[in-house]
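**Student:**
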Amino acid sequence: LGLSGSYRGPATYSKDRMDEARVIRTKWVKFLMEGQQCLDEWKTAENNCHDYYATDDSASQQSTKVWGEDELQLFNQVTQSGMKCREALVGRCTTNTDGSTRGSFDLDGASFVKELTKLADLGLAYVQAASIHKPRPG
Numbered sequence: 002l003g004l005s006g007s008y009r010g011p012a013t014y015s016k017d018r019m020d021e022a023r024v025i026r027t028k029w030v031k032f033l034m035e036g037q038q039c040l041d042e043w044k045t046a047e048n049n050c051h052d053y054y055a056t057d058d059s060a061s062q063q064s065t066k067v068w069g070e071d072e073l074q075l076f077n078q079v080t081q082s083g084m085k086c087r088e089a090l091v092g093r094c095t096t097n098t099d100g101s102t103r104g105s106f107d108l109d110g111a112s113f114v115k116e117l118t119k120l121a122d123l124g125l126a127y128v129q130a131a132s133i134h135k136p137r138p139g
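Per our numbering, the sequence shown starts with residue 2, numbered consecutively.
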């Protein structure tokens, strides 16, 4: 339904649309799976770091968690896409030809899917880059 656009509009279920849905779903699942793996690796590295310091009588030393440029850029992009997703779910006000608006709101599934896919692509790129530069204890 998200690929068809407007909630009140007709839904198209052709083979091409189903293939497109399959590709999009694959992107979402890949991001979720690789994201979970990356988070698990970070959690393990963090636990190893704390175990190292605990045995070294330096428990006061802990790794700092500071955002770099990549994290700030990702945060800003996610925030923008998140706002667009919410707007697509809440609905858009229809604009008349004279520029005035009328009160018929409609869910925009195509915009939601587009933005959610953009989020998955951004997240996957970040996770894949982060996996190359795994955090070091300390």
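Note that CB positions come from ideal geometry on N, CA and C, so glycine has one too.
Residues in the same chain with beta-carbon distance under 6 Å from Glu1, minus the five sequence neighbours each way, listed in chain order, please.
**Tutor:** In the structure as shown, the chain begins at 2 and stops at 139. Residue 1 is therefore absent and cannot be evaluated.
**Student:** Out of Phe113, Leu75, Phe76, Gln78, which one is the CA nearest neighbour of Ala89?
**Tutor:** Residue Phe113 is the option with its Cα nearest to Ala89.
**Student:** Roughly how many whole angstroms lie between the Cα atoms of Lys28 and Met34?
**Tutor:** Rounded to the nearest angstrom, the two C-alpha atoms are 10 Å apart.
**Student:** Using the C-alpha atoms, what's the distance from Val79 back to Thr1?
**Tutor:** Nothing can be reported for residue 1: it is not among the residues displayed for the chain, which extend from 2 to 139.
**Student:** Put Asp99 into one of helix, strand or coil per three-state DSSP.
**Tutor:** Note: Asp99 maps to coil in three-state DSSP.
**Student:** My guess is that Phe32 and Gly124 are in contact by the Cβ rule of under 8 Å, so how many angstroms apart are they, rounded?
**Tutor:** Confirmed, about 5 Å.
**Student:** Tell me whether Leu75 is buried or exposed, calling it buried when 16 or more other Cβ atoms sit within 10 Å of its Cβ.
**Tutor:** Counting Cβ neighbours within 10 Å, Leu75 comes out buried, since at least 16 surround it.
**Student:** Report back the beta-carbon spacing between Tyr127 and Asp41 to the nearest angstrom; my notes put them in contact at under 8 Å.
**Tutor:** Actually they do not touch by this definition, with Cβ atoms about 16 Å apart.
**Student:** Can you list, in chain order, the residues of its chain with a C-beta nearer than 8 Å to that of Ala130? Leave out the 5 residues immediately preceding and following it.
**Tutor:** Asp71, listed in sequence order.
**Student:** Roughly how many angstroms separate the alpha carbons of Leu73 and Arg26, rounded to a whole number?
**Tutor:** Spanning the two alpha carbons is a distance of roughly 27 Å.
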